[in-house]
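Report on one structure; see the data block that follows.
Protein chains: 2
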Amino acid sequence: MTGADALLRTAAAAGLDICFANPGTTELDLVKALEGSGVRPILGLFEGVCTGAADAYGRLADKPALVLLHLGPGLANGLANLHNAAKARTPVVAIVGDHATTHIGKGAPLEADVEGFARPVSCWVRTSRSADALAGDLADAIAAAMGPPGGVATLIVPADCAWGAADGLADAPARVARARVADDAIERAAAALPGGVLLLGGDALGSEAGVTAAGRIAAATGCRLMGETFPARMERGGGLPTIGRLEYFPEPATDSLRDASALVLAGAAEPIAFFAYPDLPSEITPPHVPVVELSAPGQDGVDALERLAEHLGVADGPLPEPAPPPPAPAPGPLTTTSLGAALASAQPEGAIIVDEGISSGGPYWAASPGAPRHTLLALSGGAIGHGPPSATGAAVACPDRPVLALQADGSAMYTLQSLWTQAREGLDVTTIIIANGGYEILSIEMQRAGIGEPGPVIAPLTDLGSPTLDWVQLAGGMGVPAVQATTAEELTAALDRALGEPGPHLIEAVLSSVRMS
Amino acid sequence: MTGADALLRTAAAAGLDICFANPGTTELDLVKALEGSGVRPILGLFEGVCTGAADAYGRLADKPALVLLHLGPGLANGLANLHNAAKARTPVVAIVGDHATTHIGKGAPLEADVEGFARPVSCWVRTSRSADALAGDLADAIAAAMGPPGGVATLIVPADCAWGAADGLADAPARVARARVADDAIERAAAALPGGVLLLGGDALGSEAGVTAAGRIAAATGCRLMGETFPARMERGGGLPTIGRLEYFPEPATDSLRDASALVLAGAAEPIAFFAYPDLPSEITPPHVPVVELSAPGQDGVDALERLAEHLGVADGPLPEPAPPPPAPAPGPLTTTSLGAALASAQPEGAIIVDEGISSGGPYWAASPGAPRHTLLALSGGAIGHGPPSATGAAVACPDRPVLALQADGSAMYTLQSLWTQAREGLDVTTIIIANGGYEILSIEMQRAGIGEPGPVIAPLTDLGSPTLDWVQLAGGMGVPAVQATTAEELTAALDRALGEPGPHLIEAVLSSVRMS
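Quick look at the structure:
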């Protein structure tokens, strides 16, 4: 048995049976060991596909996927989506092959400081020292990734550790429970909630139990329910309590909290503006609103909410009125509003919604709380190019659930290679490209910064026209059938067709504001 | 004047007038300051496009381009091609916008350890402390990037430093000459060369003067001329001396040096195997062959070669026989041999050849030493996805020269977004996608490792079929006209058409081994 065999069989025994991979020569012994290991590799044609897929997989599967990457540059290509995973506290085990220990320090072209690349995104980094150590190192990586608090664990495997002889497997690490909050946190939250806002995040927002308990608490106390702006995972629809979303821009976000008697945090960190602006504070919460922590990220937020409901005497209490069904989309040329309504109306029971809609995603949120039960994944770390890989990983994690990706065009270009993996694996993903022909969020920020009419040098920096991206051709080039929709009727018909057929589809939804310009 | 104004005007005054950019909100004041600064931004739809373009630009322009990136994740997406630039010692100035200093440390989604990401690829990293410091920081970054030895200088600009008020510009740094080698290095090389191999790299291979002096030395001493396997820049063709290429795999590379009386290094480091293998040393040079350093990377290798020629009395001596013109491509279904011959036969005077042919590039090298004068750029750092951005940056640096990109399909998928920038800017780039339908180099390495017949789990990891990538559609989706060629005649006709028209073109050259499988 080689070190690589020991590593992969330890992974499989611990239940890690998926490996998103783009390996090279330094990973050849790990590749060889995959055969018969019980771990299934899934090829991505760019490392950002692999890491983003692993992020979504981990959010949904409650266990990490393996990612297999080629030396420092391969890891570098996957860092942005590992950053997103880190911010979402997703369990991911990244395996990075490195040169043999005898080869390091001699200046080969691909030599790099792999640990240096890994540290900013990793909660745990280790370079294996021997073939015999690999299985134990992998078990430690799994434990670190699972946490709590959990995150990205990066194990760097020199090639000679992979090809050397190893004694045997390591035991799977025991699962460690999240810490329960103290009773006085429950009591403080109960006292603060009437007239307040309960801000949900992390596990509190990501489980039906947490959201349900929050609904009972809201019905009992009259507090408002809000969720983090970009939740790692949110359970929604199908009669679950409606939970608002904290606004993206700091002014309306702060305004939404201005009349609250308190802000109670359940699994969410204290909200901070996405970006700083010259005349605004970083903190979203108005200074006069006290912040009360029910549970911190990484603690057991579901338990905290359930104990709070019990404390309030509503452990089996009524839920708030369910949200109405999604509105019918207004017929005619597509707008973000009709697009959001069309998607919310079309989504089937049990869908997974991957939201990288950026500036165009808001209307879908508004339209969809009364849609059938679904899980929503958002851009927790803000590093764009997360949507197409996430949709890929979500479909691998939940092969029986349809995946719908609400996807801005500019962000989609970052990791469009994901479509090929969707085609190869026959994944049930429908991607709706919101074609607005620009980095619209940056145009909005320009207007906020007083650049009303960008000059000829800088205007092209937010313009994705000239030439226009043709998503039907791009998807077709990677084996994904695609159509264009320019009206709500066309979008609805395209969604019905895509959802009625197995395998991936792409719909280029061209907004009327673009076509008329 | 803002700090951003001061930075960009200092750049323009120092001659840095191109900025490959993918900015976001934290760079808005830098974007605003571009207008009227004299620096022209060129948008890339993924950061790896920007950094790879800057690498090629710096190799050809003898000055750095600016790269403008969005926080840690934006830098992360550009790291692989910055790694390539670092290994090539290309001057690049990377400007990374960061959160305002008041915002850092509060856990905003895009907060990351930007310096941590930058360090592994940078010869110089600094985070600006104030708006007033920005211009001076930029001047220091230019100096560090230019060297010697030069490389990637990363300046991190917090948003409030960009938007704050600044006093004025900073002076452009003075250019520092490379160090001349000592006389005894010349004498030792002269003594060692008869019967030896002169291995050229860095500046010695990248300039007509260096290559010409080396040719005279070879004619005088009978030494063999060889070049680094993956030169940052190589001047070739049009009667310049033929310079062999050190083989990629260690066994033939070592064999090629076995009968040498000495290995003399001019601008090249001592050769090290690309990867380590269980039973082979890292060092390519056979133990019995003495290594003599004429000039180290970063020293003035051209001066060293010219002084060596003078020392040998051949400062104006004859050159070796020029290479014969490229062979005519064998008609019929395309092979790597006919593809290489077709390209070498078609390339016009003054072409820039960007070689990311990987396993399929060798025959072009063999066919082309007698082609018209050209400059060749190769994958110095081994991080794939370098070719399409490099071709883009090469065309920006040298708008009057045709750029021909010899491009493996698997590597092209890493940074295919480059095609859009080529279309937008109307760049004169012809990309020849070598469609072999697989990660062929990895298949070869599998065979070397004794995996003769990969099993069903791992075979897909080197297979880019199922589904087949359709490069005509992929290019068309980004506005680049494209055709497929399956025979040498079709390839020659397509090359003639592409070279006869302005703007970018793509030719999908499908190898017969793929079509027949």
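Just so you know, the sequences run in chain order P and U. Position 84 of the first sequence, counted from 1, bears residue number 84 in my numbering, the numbering being contiguous throughout. Position 43 of the second sequence, counted from 1, bears residue number 43 in my numbering, the numbering being contiguous throughout. Ideal Cβ positions, reconstructed from N, Cα and C, are used throughout, including at glycine. Keep in mind it's a predicted model, so treat the numbers as computed, not measured.
Check	Outcome
Rounded straight-line distance, which links the Cα of P:Arg-245 to that of U:Gly-24	23 angstroms
Contact check, U:Leu-71 vs U:Val-31, beta carbons under 9 angstroms	no
Chain-ordered residues of the stretch 443–460 of chain U with a beta carbon less than 7 angstroms from chain P	Glu-445, Met-446, Ala-449, Ile-451, Gly-455, Val-457, Ile-458 and Pro-460
Under 9 angstroms between C-beta atoms of P:Thr-51 and P:Pro-504	no
Partner residues on chain U for P:Glu-35, Cβ-Cβ distance less than 7 angstroms	Gly-455, Val-457 and Ile-458
P:Ser-295: first and last residue of the uninterrupted beta strand (DSSP E) it sits in	291–295
Distance, U:Glu-35 Cα to U:Asp-5 Cα	9 angstroms
Contact with chain P by U:Ala-159, beta-carbon distance below 9 angstroms	yes
Within 9 angstroms, strictly: CB atoms of U:Ala-304 and U:Leu-294	yes
Rounded straight-line distance, which links the Cα of P:Asp-203 to that of U:Arg-424	45 angstroms
Local Cβ density within 10 Å of U:Gln-347, reported as buried at 16 or more and exposed below that	buried
Below-9 angstroms beta-carbon distance, U:Ala-12 vs any chain P residue	no
Cα-Cα separation, P:Val-152 to P:Pro-271	23 angstroms
Bounding residues of the beta strand (DSSP E) (the contiguous stretch that carries U:His-103)	Segment: none, U:His-103 is in no beta strand (DSSP E) and carries neither H nor E.
Residue-level contact to chain P via CB, U:Arg-522, 9 angstroms cutoff	Residue 522 of chain U lies beyond the range of chain U shown here (1 to 517); nothing can be said about it.
Proximity test, Cβ basis, 9 angstroms: U:Ala-54 and chain P	no
P:Gly-21, DSSP secondary structure in three states	The displayed chain sequence assigns Ala, not Gly, to residue 21 of chain P. Reduced to three states, the DSSP call for P:Ala-21 is strand.
Residues of the stretch 107–136 of chain P with Cβ closer than 7 angstroms to any Cβ of chain U, in chain order	Gly-107, Ala-108, Pro-109, Leu-110, Ala-112, Asp-113, Gly-116, Phe-117, Arg-119 and Pro-120
Simplified DSSP state of U:Thr-486, which is helix, strand or coil	coil
Cβ pair count under 8 angstroms reaching 3, the stretch 381–399 of chain U against the stretch 252–261 of chain U	no
P:Gln-417 - DSSP class collapsed to helix/strand/coil	coil
Endpoints, alpha helix (DSSP H) assigned at P:Leu-82	71–88
Best match in P:Ser-37, P:Ile-433, P:Ala-262 and P:Pro-287 for proximity to P:Val-354 [C-alpha to C-alpha]	P:Ile-433
Three-way DSSP call (helix, strand, coil) for U:Ile-142 in this model	helix
DSSP state of P:Ser-517 mapped onto helix, strand, coil	With a pLDDT of 38 at P:Ser-517, under the threshold of 50, the predicted position of this residue should be treated as unreliable, though the coordinate-derived value follows. Note: P:Ser-517 maps to coil in three-state DSSP.
Neighbourhood of U:Ser-517 by C-beta distance below 6 angstroms, restricted to the same chain and skipping five residues each side	Because the pLDDT at U:Ser-517 is just 37, under 50, the model does not fix this residue reliably, and the point stays unresolved.
P:Glu-187, buried or exposed, once every other Cβ within 10 Å from all chains shown has been counted against 16	exposed
8 angstroms contact criterion, which U:Leu-134 and U:Arg-9 should meet: CB distance rounded	That pair is no contact at about 11 angstroms.
Residue-level contact to chain U via CB, P:Val-472, 9 angstroms cutoff	yes
Residue nearest to U:Lys-63 in terms of C-alpha spacing, selected from U:Leu-376, U:Met-146 and U:Ala-498	U:Met-146
U:Pro-278, buried or exposed, once every other Cβ within 10 Å from all chains shown has been counted against 16	exposed
Where the alpha helix (DSSP H) containing P:Ala-118 begins and where it ends	114–118
Buried or exposed (CB count within 10 angstroms, at least 16 for buried), P:Asp-316	exposed
Proximity test, U:Asp-29 beta-carbon vs the ligand NAD heavy atom, cut-off 8 angstroms	Absence of the ligand NAD is noted for the structure shown, with no ligands found whatsoever.
Exposure label - P:Ser-466; buried when at least 16 CB within 10 Å	exposed
Span of the beta strand (DSSP E), counted from its first residue to its last, around P:Gln-407	403–408
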